[in-house]
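Q:
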Amino acid sequence: MHTIKHKTTGTKIEKIEYRAQDGRLWLTERYVQDQLVRLELFEYTTTKYSSSGIRQSGTWLLVPGDYIQRTRKPDGKAKTSTFYFRTRPMPAE
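Under our numbering, the first residue of the sequence shown carries the number 295, and numbering increases by one thereafter.
#1: Thinking C-alpha only, which one of Glu-308, His-296, Ser-351 and Asp-328 is nearest Lys-371?
#2: May I have the straight-line CA-CA distance separating Thr-340 from Asp-369, to the nearest angstrom?
#3: Using CA coordinates, which residue listed in Gly-304, Glu-337, Thr-303 and Glu-323 is at the minimum distance from Val-357?
#4: Under 8 Å by Cβ, that's how I've got Phe-377 and Thr-353 pegged, so tell me the actual separation to the nearest angstrom.
#5: Let's see if you can read the secondary structure: which residues bound the beta strand (DSSP E) around Lys-299?
#6: For the putative contact between Val-388 and Thr-305, defined by C-beta atoms under 8 Å, what is the C-beta separation to the nearest angstrom?
#7: Return helix, strand or coil for Lys-373, following the three-state DSSP convention.
Listed below in structure tokens is the structure:
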């Protein structure tokens, strides 16, 4: 699915969703003024507790600021988030 919205401020926002053949959401992209501002990948795992046998088990999220957030949703446990980022060089003294 590809959606384009034009805000009254003149900002153009694009949202793109990629889905598997069975309808599960796999990847979303969001652009503001044709610049990528959000990219999210969804993970799924098989389970015997779901009616479909598959549940979302986590996400990978790339956002501005050069970091990635990984969220895990284990079965029956609280979700946890881990952040990955590129270390910045230390300024010379």
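Every residue gets a Cβ at the ideal spot worked out from N, C-alpha and C, and that includes glycine.
A: Here's the rundown:
#1: Ser-351
#2: If you take the alpha carbons of Thr-340 and Asp-369, they lie about 10 Å apart.
#3: Glu-323
#4: At roughly 13 Å, the Cβ-Cβ gap does not stay under 8 Å, so Phe-377 and Thr-353 are not in contact.
#5: 296-300
#6: Examination of residue 388 is not possible in this model, given that the chain is present from 295 through 387 alone.
#7: coil
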